[in-house]
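I have placed the structure first, in the form of structure tokens, so that the comments after it can refer back to it.
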Amino acid sequence: MLTSIVGINWGDEGKGRMVDLLTEEQDIVVRYQGGNNAGHTVINHLGKFILNLLPSGILRPEIVNVMGPGMVIDIAHLCGEIGRLREAGVTITPENLKISERAIICMPYHVMQDCLEEDRLGDAKYGSTRRGISPVYGDKYLKKGIRMGDLLQAEDMRARLDGIIDWKSLTFTGVYGAKPIDKEEIFAWLETYGKPLLPHICDTGAYLEQALRAGKRVMFEAQLGALRDIDFGIYPYTSSSSTIAAYAPIGAGIPGYQLDRVVGVMKAYSSCVGEGPFTAELFGEEAEKLRQAGGEYGAATGRPRRVGPFDAVASRYGVRVQGASEIALTKMDILSDMDQIPVCVGYTVDGVEIKDFPFGDKLNRAKPILKYVEGWKCDISGIRKKEDLPKAALDYIRFIEELVECKVRYVSVGAEREAYIVM
């Protein structure tokens, strides 16, 4: 059984919370793309955890966690993340954390290049997290990457990396007027942070193949959402990897397999970190009230998230490109104080109403069409059964289902592991 948990919108939909919940039914959780440029927040009996690189299944001791070949890994950040979890009482061993030998290492010079480029762009910046993700994926496809498995062959790696650094220094000095990269610092960095990870590095594709043949249940965990996908998102304001469910088996290292189930995660309203078009965005006091109620600050960066009403046009598009078979609707409880709840049911572009998510500059010119629905005006955070929800809350869920043309299976009414309803 292969299940993928994916984001329907711009990211930050609550995927980590849903992965943590649904791993109770799984044996293995795989992160298949991205790096430490986003965070999955999970709250359980041990406390609150923000996971940037580790799969969210790491908080369940019985789950095996895999970091797939589609990922880019800042090994210093990973060592720090592992250290913080161990201090909190989480067990992490080579038995429950396996790192693909094919995953690319995000180097310090990738982080520096990311910062230099965003600074160069100025007001035209893409809204990068400045964690090196675009440069490292660029180097991957330029065939200038160093992989996790190369750490197991240090001498060969050093010889190849020597030439890569010479090449990268040409960009630093010639394009940005920066200093050349210090090779010895890079080699020392790899030694310091690579050594503790060596026991975890393996052929994760072979491991997953054997596990599936043995009947194990595997869940794929995506980072960010459909609208940040490099191919289908709001390019160029996207991530640099493929966030869609169809990429999951590829990024996990088992490209010959197909998914059985895709759970698309989206909020009961909209939020967005970073730059780019966000048609239904709220501003001023109304936005700040929603931002504060929902705690809408980036898990990876702490940046205030842009917020708005539920966007049916963007969400219907996200459901389609993700191939979602069911929806997990998160943060329903945040809307409980509203008398009237706004919903973006369509867009207009140059005065013409459209229902489909627009491409390119049309998206920049899009204006929201809002419809207001009745609020439920009561606390629903303690409700655990569908039949106990107020009629207005049930009506809101049914309205969302109609708009996105997909059934809602889970409704999250709080951040805690047990705060959800099965519809």
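Residue 103 is where the sequence shown starts when you use the working numbering, and the numbers rise one by one after that.
The C-beta atom is built at its ideal place from N, Cα and C for all residues, glycine as well.
Quick caveat: nothing in here was measured; it's all calculated off a predicted structure.
Boundaries (first-last residue) of the alpha helix (DSSP H) holding residue i
i: residue 282; result: No alpha helix (DSSP H) contains residue 282, which DSSP labels as neither H nor E.
i: residue 139; result: Neither: residue 139 is in no alpha helix (DSSP H) and is coded neither H nor E.
i: residue 424; result: 414–424
i: residue 465; result: 463–467
i: residue 118; result: 117–124
Residue i, DSSP secondary structure in three states
i: residue 431; result: strand
i: residue 372; result: strand
i: residue 524; result: strand
i: residue 209; result: coil
i: residue 238; result: helix
i: residue 450; result: strand
i: residue 350; result: helix
i: residue 400; result: coil
i: residue 474; result: strand
i: residue 328; result: helix
i: residue 480; result: coil
i: residue 173; result: strand
i: residue 294; result: helix
i: residue 110; result: coil
i: residue 488; result: helix
For residue j and residue i, the rounded distance between their alpha carbons
i: residue 442; j: residue 129; result: 43 Å
i: residue 508; j: residue 260; result: 51 Å
i: residue 423; j: residue 459; result: 11 Å
i: residue 206; j: residue 454; result: 45 Å
i: residue 319; j: residue 368; result: 24 Å
i: residue 399; j: residue 153; result: 15 Å
i: residue 302; j: residue 238; result: 22 Å
i: residue 412; j: residue 186; result: 35 Å
i: residue 137; j: residue 493; result: 41 Å
i: residue 172; j: residue 382; result: 32 Å
Pick from the options that is closest to residue i, judged by C-alpha positions
i: residue 409; options: 188, 438, 421, 444; result: 444
i: residue 58; options: 406, 109, 247; result: Outside the modelled stretch of the chain, which goes from 103 to 525, sits residue 58, for which no answer is possible.
i: residue 176; options: 235, 378, 251; result: 235
i: residue 339; options: 380, 364, 502; result: 380
i: residue 115; options: 289, 395, 431; result: 431
Extent of the continuous beta strand (DSSP E) to which residue i belongs
i: residue 339; result: Counting along the chain, residue 339 falls outside any beta strand (DSSP E), and DSSP gives it neither H nor E.
i: residue 503; result: Here residue 503 belongs to no beta strand (DSSP E); instead the alpha helix (DSSP H) covers 493–506.
i: residue 510; result: 510–514
i: residue 410; result: 408–410
i: residue 149; result: 149–153
i: residue 132; result: 130–133
i: residue 199; result: 199–202
Count Cβ pairs between the stretch 328–336 and the stretch 188–196 that sit closer than 8 Å; are there 3 or more? Touching, no.
Counting Cβ pairs, one atom from each stretch, are 3 or more of them under 8 Å apart for the stretch 272–289 and the stretch 159–173? The stretch 272–289 vs the stretch 159–173: no contact.
Could you check whether the stretch 427–442 touches the stretch 474–481, counting it as contact only if at least three pairs of C-beta atoms, one from each stretch, sit closer than 8 Å? Counting C-beta pairs with one atom in each stretch, the stretch 427–442 and the stretch 474–481 have three or more that are closer than 8 Å, which means they touch.
Report yes or no: do the stretch 303–310 and the stretch 163–170 share at least 3 C-beta pairs separated by less than 8 Å? Contact between the stretch 303–310 and the stretch 163–170 is present, because at least three Cβ pairs lie under 8 Å.
Evaluate the contact criterion for the stretch 509–518 versus the stretch 346–364: three or more CB pairs, one atom per stretch, below 8 Å. Per the Cβ contact rule, the stretch 509–518 is not in contact with the stretch 346–364 (fewer than 3 Cβ pairs under 8 Å).
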